[in-house]
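Worksheet: the structure to be examined is printed underneath.
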Amino acid sequence: MSVIHEADIARFSSGEVQLPTSRVLLLATGAGLGVASLYYSQPMLGVLGADLGASAQAVGQVPTLTQLGYALGILLLAPLGDRFDRRRIIVAKAAALVAALLLAALAPSIGVLLAASLAIGITATMAQDIVPAAATLAPTAHRGKVVGMVMTGLLLGILLSRVVSGFVAEHFSWRGMFLAAAVAVSAIAVATWRSLPRFPATTTLPYGQLLASLATLWRQHATLRRAALAQGLLSVGFSAFWSTLAVMLHGAPFHLGSTAAGAFGLAGAAGALAAPLAGRLADRTGPERVVRWGAGVAALSFAAMAAAPWIPPTAQLCLLVLCTIGFDLGVQAALISHQTMVYGIDPGARSRLNAVLMTGMFIGMATGAALGSLLLAAWGWMAVTLLATTTSLAALAVRMATRRGSACMAAA
């Protein structure tokens, strides 16, 4: 039985009752463990491919399918959070994710692993039910702060998953990593069922109309369109970097293994830890300013990587670490601010608004993974950094255009 009564949801949102820190930590942990499932495979691709006897092209489809599955799951399943109890949805998806992770751990061939990867992507969207749940429970005046804390958990899950999986794959086995992930998700499912309240539905729309309402929300709200476009563009560069880093580090002049590639997640985690600060800043100064700042920092960090060919290998690694901290900070600050904007549009449609925003983001992630692999193979690492810099500057241009449009309307 839930420790928190359903009637307390409104009291939390109004600020009459403070949301316990333990509940925020539970939500952050659940979001992190859910989304981490998408990224365990990336540092393990070399070991995994050799074990299954798969070609580099086939193995490269693993991260692409997980990202596509995630985008499909957000688009087709995340809107159900407005129609049904979010707690039940989170637990059901967690159970399905455990099954998908076990299938990956036991996969006898690359074909089965690819199918499991798609299933992992779809079911890992439990994280995108957790974030709107946090926004619903959070007091309005501190929504950015609470969402930022939960997103810190989610982002640390993304980044530290690479550290953990790289180490486990190199010293134990890639199958053991998927088994351990299944156990962790099982534990969070039990804790969620016991500790979260039931969330009343905010709409009675049938499923078909619920999905159709996504298009309506897209047409009605320019804020939503700009947020999805800008975050999607930032995600192209983010994903292109992370999906090709292990391959780049494996080759000359570095010749580093999966542990080293995964360890770069620690640098990204340093940037992700600033997400709550971005949320607080968005609460105080408005999210638009934070979004523009984040996109600018990401573009500058990606562009700085272009200096790598002209400095020694050790200095190149130091530069990569610094740039990784910078662009992760920028991308995550922009994401927190975009979520703060979007969740304020219509409290009764938060799951659907989040679905649109995150679908745009993970279409960008899947596009970045695919383009990054192609560019690295055809023109090398500099082509990947050029892609990331260009898309980050495009995201900044979208936000600056929003600013100019608002100024023109005010003048009129």
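The number in my numbering is simply the position in the sequence shown, starting from 1, with 25 added.
Just so it is clear, CB atoms sit at the ideal spot from N, CA and C, and this is done for glycine as well.
The residue among Pro164, Thr148, Ser142 and Val175 with its C-alpha nearest the C-alpha of Val156 is Val175.
Distances from the alpha-carbon of Glu195 to those of Met69, Ala420 and Val423 put Met69 closest. Two segments are said to touch when three or more pairs of C-beta atoms, one from each, lie closer than 8 Å; by this definition the stretch 212-220 touches the stretch 43-60.
Separation of the CB atoms of Gly146 and Leu63 is rounded to 6 Å, and the pair is thereby assigned contact status at 8 Å. Per the Cβ contact rule, the stretch 198-206 is in contact with the stretch 126-135 (3 or more Cβ pairs under 8 Å). Apart from the 5 residues on each side of it in sequence, Gln92 sits with its Cβ closer than 8 Å to the Cβ of Leu63, Gly146, Ser264, Phe387, Met390, Ala391 and Ala394 in its chain, given in chain order.
Going by C-alpha positions, Leu236 is about 12 Å away from Leu97. Counting of Cβ neighbours within 10 angstroms places Tyr65 among the buried residues, the total reaching 16 or more.
For Ala374, no alpha helix (DSSP H) encloses it, and the DSSP letter there is neither H nor E. Apart from sequence neighbours up to five positions away, the residues of its chain that approach Leu401 with a beta-carbon distance below 8 Å are Thr269, Val272, Met273, Ala408 and Val409, ordered along the chain. The three-state reading of DSSP puts Thr384 in helix, counting H, G and I together. If you draw a straight line from the Cα of Ala320 to the Cα of Leu259, it is about 7 Å long. Distance check between Pro222 and each of Ile135, Arg48 and Ala422 places Arg48 closest, using alpha-carbon atoms only.
Between His246 and the set Pro164, Val367 and Pro312, the nearest pair of CA atoms involves Val367. His363 sits in a helix when the DSSP states are folded into three classes. Sequence-distant partners of Thr384 (beyond 5 residues in either direction) whose C-beta falls short of 7 Å from its own C-beta, in its chain, are Ala96, Ile99 and Leu100. Unbroken beta strand (DSSP E) stretches of 3 residues or longer found wholly inside the stretch 107-181: none.
Residue burial annotation: Thr46 is exposed, with fewer than 16 other C-beta atoms found within 10 angstroms of its C-beta.
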